[in-house]
Amino acid sequence: MKRFFLSLLSLVAVLQCAIAQSEKPATLSVYPAFQNVASLIRPINKKLLPYQKHITSKSLIDLLDFISTEIDKASPSSPTDDALFYVSEQNRSMVQSLLNLAKEKGLYDTSHYQLLLSRSPLDKDLYDLHVIDLKSPVAIPTLSITNARCDKSSDGNPVFQLSLTRDAAVAFTKLTYQEVDNNIVVLLDGKFLATMFVDSGVSTTEIEIPNEMGAVKAEEIVRRLKSTAVKEAPLTPLYRPQYVIGDTLTYRFTARKEEGKQTESHIFRFIPRLVNDKMTRIECIEDTLHAANEKEMREYEEVFQKIIDYTCDRLRKSHIMIETDLTTHTAVSTLINSKTFLKEIEEYLIENAAMFGASKEEMQGAAKQMAEELLKEVSADFTGDNMARRLPELEVMTVMDYFFSEGQTQGTCYFPCAKNLVDYTIAQANEGLVITLQTKDKDSDTEERYIYHIDKQGLIQRLEYQWIVKQEATEKDKGMSDVEAYGYLIERTN
């Protein structure tokens with residue numbers, strides 16, 4: 039009986055150990071893929087030859103295929119450094135054995151690089167070769183998450199949906215900015231989980247990782263991912279979110295006066311319509327909403343001038359809705375009642391069809407497309423560079439809520455308005471806070487500065503924007519000194 043109880047206790051101890059190991063939190067890591075794979079594979083290939091006879095007589099490079107670039111096509115047996123390598127199902131076992139041997143013999147710096155194979159998402163009979171840069175300054179050895187689940191992407195493909203901590207989101211944004219036009223590799227406990235191409239400067243606390251496995255395996259992965267999840271304290275914003283339902287805020291925009299040009303100035307009002315910690319919808323009323331490209335449109339044939347006049351007049355009476363996603367800090371602007379706007383233009387075109395040499399029946403077939411094109415032309419200021427110059431308030435005034443948290447004073451982050459990494463400083467002032475953000479693109483000859491003056495109520499009192507040529511650029515190229523600086527000032531008037 040005593041022996042039985044001792045055996046039972048031993049069994050319990052073993053089970054407890056096994057359970058403890060199974061519940062051990064997993065480690066989720068994200069690394070940039072090394073871009074010059076061939077430059078690493080070539081020397082490994084040569085160093086392997088004296089050791090590999092017990093595996094195969096073929097060299098590592100002979101067992102690999104690669105995706106050709108334009109340069110490669112002239113010499114298909116000699117891949118360029120940026121070639122992408124893959125291996126067939128037939129050769130996979132030998133290639134894996136050679137990679138293991140290279141690691142065992144220390145034929146490359148294993149503290150700097152990790153080589154691994156994964157089944158290609160494009161062809162199930164092929165395996166992609168990945169080389170990850172373990173020492174990259176933007177690598178994330180431990181990606182902290184608050185939740186994980188299986189989901190589907192917008193195009194219906196299976197994905198792992200991860201909710202990041204705020205610090206992890208900042209780190210991931212820096213990684214995606216640095217690795218523009220490149221792919222990243224995600225590891226779980228040091229083993230391949232997924233690879234994906236990234237957009238530059240993805241600023242979000244929610245990311246999607248491709249899920250190329252079956253439902254049972256995916257659920258197992260989710261359970262392991264959930265074991266890494268941490269609880270995060272609610273964000274304490276640096277200052278009170280500025281928009282409150284019931285307020286009407288009035289601002290004046292003044293562009294920096296350029297030599298020989300009249301200073302641009304206009305008044306706009308903000309009326310909050312929806313406010314929470316995830317999203318804001320702000321109605322923007324411009325004192326004069328000019329049509330984009332109006333000058334160029336005036337050069338059209340005289341027959342079009344009346345419809346252009348009508349469209350521009352309707353535009354000036356329109357309001358804009360700014361919807362800002364406070365998890366990505368990006369804003370999208372649209373005309374309020376744009377469908378009504380389109381309908382009115384369509385009706386005008388049909389009613390005045392004879393003016394354009396058409397019957398009403400003929401115009402009915404073309405009016406909708408013509409109205410859509412006119413609206414697209416006149417509202418082009420709501421997107422891209424035109425908005426940044428002529429209506430910057432549609433973006434720069436709404437993205438700062440929940441952007442910084444209490445206790446932050448300086449650092450580096452991705453700023454969506456600049457579409458760039460910026461160095462930021464936060465200083466106390468008599469009237470409240472002064473937040474300065476300055477782009478830090480070393481490859482650019484210019485830099486941008488955004489200086490926000492936040493009052494003690496958490497409202498933007500003043501915003502100064504400067505776009506200037508760097509001094510070192512003018513010293514290197516005298517022609518750069520002729521490039522005119524640009525800037526604007528936005529001030530609250532109530």
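Under the numbering used here, the first residue of the sequence shown is numbered 39, with each subsequent residue one higher. All C-beta atoms, glycine included, are put in the ideal place defined by N, C-alpha and C.
Classify residue i: buried if its beta carbon has 16 or more other beta carbons within 10 angstroms, exposed otherwise.
i: residue 454; result: buried
i: residue 67; result: buried
i: residue 195; result: exposed
i: residue 81; result: exposed
i: residue 283; result: exposed
i: residue 161; result: exposed
i: residue 87; result: exposed
i: residue 119; result: exposed
i: residue 324; result: buried
i: residue 439; result: buried
i: residue 261; result: exposed
i: residue 433; result: buried
i: residue 405; result: buried
i: residue 384; result: buried
i: residue 378; result: exposed
i: residue 392; result: exposed
i: residue 317; result: exposed
i: residue 180; result: exposed
i: residue 367; result: buried
i: residue 467; result: exposed
i: residue 254; result: exposed
i: residue 417; result: buried
i: residue 83; result: buried
i: residue 224; result: buried
i: residue 326; result: exposed
Closer than 8 Å by C-beta to residue i: which residues in its own chain qualify, once you throw out the five before and the five after it? Chain order, please.
i: residue 443; result: 204, 273, 274, 275, 276
i: residue 263; result: 64, 66, 183, 186, 198, 200, 226
i: residue 124; result: 102, 103, 104, 105, 158, 164, 165, 166, 167
i: residue 132; result: 93, 94, 96, 101
i: residue 523; result: 294, 504, 505, 506, 507
Measuring alpha carbon to alpha carbon, tell me which residue in the options is nearest residue i.
i: residue 469; options: 392, 456, 495, 477; result: 495
i: residue 213; options: 530, 176, 86; result: 176
i: residue 211; options: 187, 392, 236, 197; result: 236
i: residue 169; options: 365, 147, 180; result: 147
i: residue 285; options: 505, 497, 503; result: 497
i: residue 172; options: 150, 158, 157, 192; result: 150
i: residue 532; options: 187, 500, 260; result: 500
i: residue 117; options: 99, 243, 131; result: 99
i: residue 479; options: 492, 293, 491, 450; result: 450
i: residue 353; options: 342, 430, 367, 375; result: 375
i: residue 502; options: 288, 144, 293; result: 293
i: residue 174; options: 156, 209, 145, 144; result: 209
i: residue 381; options: 357, 398, 407; result: 407
i: residue 527; options: 437, 471, 431, 358; result: 431
i: residue 401; options: 368, 386, 412, 415; result: 386
i: residue 191; options: 136, 250, 153; result: 250
i: residue 365; options: 280, 307, 314; result: 314
i: residue 256; options: 373, 189, 280; result: 189
i: residue 436; options: 215, 96, 126, 308; result: 308
i: residue 77; options: 529, 122, 69, 287; result: 122
i: residue 75; options: 152, 134, 233; result: 152
i: residue 288; options: 202, 268, 310; result: 310
i: residue 126; options: 509, 137, 155; result: 155
Leaving out five residues before and five after residue i in sequence, what residues of the same chain have Cβ atoms less than 7 Å from its Cβ?
i: residue 446; result: 276, 464
i: residue 521; result: 507
i: residue 89; result: 139, 143
i: residue 141; result: 148
i: residue 234; result: 221, 222, 247, 248
Starting from the C-beta of residue i, find all residues in its chain whose C-beta is less than 6 Å away, skip the five residues before and the five after it, and write them out in chain order.
i: residue 53; result: Because the pLDDT at residue 53 is just 45, under 50, the model does not fix this residue reliably, and the value given afterwards should be weighed accordingly. No residues qualify anywhere along the chain.
i: residue 504; result: 487, 525
i: residue 361; result: 319, 370
i: residue 477; result: 456, 458, 460, 485, 486
i: residue 207; result: 243
i: residue 279; result: 439
i: residue 475; result: 453, 460, 462, 488
i: residue 356; result: 373
Any C-beta of chain B sitting closer than 8 Å to the C-beta of residue i?
i: residue 321; result: Going by chain labels, chain B is absent from the structure shown, which holds only one protein chain.
Taking 7 Å as the cut-off, is the CB of residue i close to at least one heavy atom of the ligand GDP?
i: residue 401; result: No copy of the ligand GDP occurs in the structure displayed, which carries no ligand at all.
Checklist entry - With contact counted as at least three CB pairs below 8 Å, one residue from each stretch, are the region 303-321 and the region 461-468 in contact? => result no
Next on the checklist: To test your reading of the DSSP string, which unbroken beta strand (DSSP E) runs of 3 or more residues are found completely within the region 248-333?
Outcome noted: The beta strand (DSSP E) runs of length 3 or more contained entirely in the region 248-333 are, from start to end of the chain, 287-293, 303-313, 317-324.
Item to check | Every unbroken alpha helix (DSSP H) within the region 447-480, with a cutoff of 4 residues, ordered by chain | outcome: none
Checklist entry - Taking only runs of the alpha helix (DSSP H) that begin and end inside the region 351-394, which ones reach a length of at least 4 residues, in chain order? => result 376-389
Checklist entry - Of all the beta strand (DSSP E) runs that stay within the bounds of the region 90-170, which reach a length of 3 or more residues? => result 103-105, 122-126, 151-157
Next on the checklist: Restricting to runs no shorter than 3 residues, where is the beta strand (DSSP E) found entirely within the region 183-226?
Outcome noted: 183-190, 196-202, 221-226
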